[in-house]
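Undergrad:
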Amino acid sequence: MMGAREDEKEFAIKWAKENNVTLKITSKFLNDKTYSMIKGFDGLSLQQTMGLPTKMYTDLKNDGFKQIAQRSAGFDMYNLEEARKQGIKITNVPAYSPNSVAEFVVASALNAVRHLNDIESNVSKHDFRWSAPIMSNEIQSLTIGILGTGRIGQVVAKIFKGFGAKVIGYDLFQNESAKKILTYENDFDKFVKKSNILTIHTPLTQDNYHMFNDNTFKKMTPGTILINAARGAIVDTKSMMRALDSGQLKFCAMDTYENEMPYVTYDWSKKHLEDPLLNEIIKRDDIQYTPHIAFYTDVAVKNLVYGGLNACLEILETGNSKSIVN
């Protein structure tokens, strides 16, 4: 089990005892320098943020590995075609805790709507006035647009519905259960225009890379709030900045950033951030940036550990798993 954080270890040790499995746990990620650590083992559970060298898939095959169990929902860090070619089955954990992400998204929306960043900034300057710029809307008066109406998207819809908001959705594959809690919009441009708060809950694919770009932002109603707790590269960050500057976007809550891999899960407090775009993101009051942490609850961590290790064991014992993504 590689890339293990301290908070994962307790659950991993418990899982190993329950399943009578010998489990080696390390915080190191799999790369050329650490590859020797996995030799002699049967299964592999990773928490990669960076990809693997193409040649490594061949090495894994030659060393008898049949699978990689990724402990996350996302799997875009892997070369699925190369893994398939080498007989390596990659699994993910598709449903570890929809509530964890959904609650974070709604909290981010409340932060944006109630101008908490601006209020905190004012208070830090000892400015305690009530003024028009910090007067808020009520959630019940807004239209919430949910892009991607799977497990997480539906929980988000239910919570916003509880506030009395109008909830609309857009998804290429409409879900019958989602129709009970939201209204589907079949035209993407109309969906974007109608949404006062637009929250993204779709995986990253070749088709939706930079789906939110200058052209998309121009179609929004001025003052829209954008929330991305899905995948950073769905949003063109520079276009997003321009939309904020022009007023097309009023606020953006970013839990994912397209160039986050060198930074997320690492301590950069004593180092210089080499990404000028990330530096600007962090400085802006109209952006809430968090380091891919929307999922991070005790329930989610346990489910990710158990989900990843269960998928690993399934393939070793049966050759198959319902969580295979390639």
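Just so we're aligned, residue 2 is where the sequence shown starts under the working numbering, counting upward by one.
Every residue, glycine too, gets a C-beta built ideally from N, C-alpha and C.
Hey, could you find the ends of the alpha helix (DSSP H) N229 is sitting in?
TA: Counting along the chain, N229 falls outside any alpha helix (DSSP H), though it belongs to the beta strand (DSSP E) covering 225 to 229.
Undergrad: Compute the distance between the beta-carbons of K220 and K194, then report whether it is under 8 angstroms.
TA: It is a contact, given that the beta carbons lie within the stated cut-off.
Undergrad: For Q249, which residues in the same chain have their Cβ closer than 6 angstroms to its Cβ, ignoring the five residues on either side in sequence?
TA: Excluding residues within five positions, the ones whose Cβ falls inside 6 angstroms are F218, M221, P223.
Undergrad: Please name the residue in G308, G44, S73 whose C-alpha comes closest to that of F66.
TA: Of G308, G44, S73, the residue nearest in Cα terms is G44.
Undergrad: S240 to D64, Cα distance in whole Å?
TA: Cα-Cα distance, rounded: 45 angstroms.
Undergrad: Beta strand (DSSP E) containing V168: first to last residue?
TA: Note, V168: beta strand (DSSP E), 167 to 171.
Undergrad: Report the three-state DSSP secondary structure of K117 (helix, strand or coil).
TA: Contrary to the premise, residue 117 reads as Leu rather than Lys in this sequence. Reduced to three states, the DSSP call for L117 is helix.
Undergrad: Can you grab the Cα-Cα spacing for the pair L274 / K284, in whole Å?
TA: Cα to Cα, the separation comes out at about 12 angstroms.
Undergrad: Between S28 and the rest of its own chain, which residues show a CB-CB distance below 6 angstroms, the 5 nearest in sequence each way excluded?
TA: Closer than 6 angstroms at Cβ, skipping near neighbours: A5.
Undergrad: Please report the straight-line C-alpha distance between A108 and I294, rounded to a whole angstrom.
TA: Approximately 13 angstroms between the Cα atoms of the pair.
Undergrad: Less than 8 angstroms between C-beta atoms, sequence neighbours within five positions excluded: which residues of the same chain meet that for Y58?
TA: The answer, listed in chain order, is N80, E83, A84, K86, Q87, I89.
Undergrad: Who does C313 pair with in a DSSP beta bridge?
TA: Bridge partners of C313: none, in fact.
Undergrad: Looking at the unbroken alpha helix (DSSP H) that takes in Y58, where does it start and where does it end?
TA: Start and end: 55 to 63.
Undergrad: Runs of 3 residues minimum, wholly inside the stretch 80 to 118: which ones carry the beta strand (DSSP E) assignment?
TA: Taking only runs of at least 3 residues, the beta strand (DSSP E) segments lying wholly in the stretch 80 to 118 are 90 to 92.
Undergrad: Could you have a look at K195 and say whether DSSP puts it in helix, strand or coil?
TA: K195: helix per DSSP, three-state reduction.
Undergrad: Measuring only the C-alpha atoms, how far is V22 from D172?
TA: If I take the Cα positions, the gap works out to 41 angstroms.
Undergrad: Report all residues from its chain with a CB closer than 7 angstroms to the CB of V300; omit the five preceding and five following residues, and keep chain order.
TA: Closer than 7 angstroms at the Cβ level, and outside the excluded window around V300, lie S98, S101.
Undergrad: Quick check: the Cα distance between F213 and I316, rounded to an integer number of angstroms?
TA: For F213 and I316, the distance between alpha carbons rounds to 37 angstroms.
Undergrad: Just how far apart, CA to CA, sit I201 and E9?
TA: Looking at the two C-alpha atoms, the distance is approximately 27 angstroms.
Undergrad: Can you list, in chain order, the residues of its chain whose CB lies under 6 angstroms from that of L245, leaving out five sequence neighbours each side?
TA: Around L245: D287.
Undergrad: Pick from N118, L47, F174, V326: whose alpha carbon is nearest that of R152?
TA: Minimum Cα distance to R152 is reached at F174.
Undergrad: Give the single residue among E11, K126, N118 whose Cα lies nearest to the Cα of S137.
TA: Taking only the C-alpha atoms, the option nearest S137 is N118.
Undergrad: Below 8 angstroms on the Cβ atoms is my contact criterion, and I expect M2 with S73 to pass it. Report the Cβ-Cβ distance as a whole number of Å.
TA: Rounded, the Cβ-Cβ distance is 13 angstroms, inconsistent with contact.
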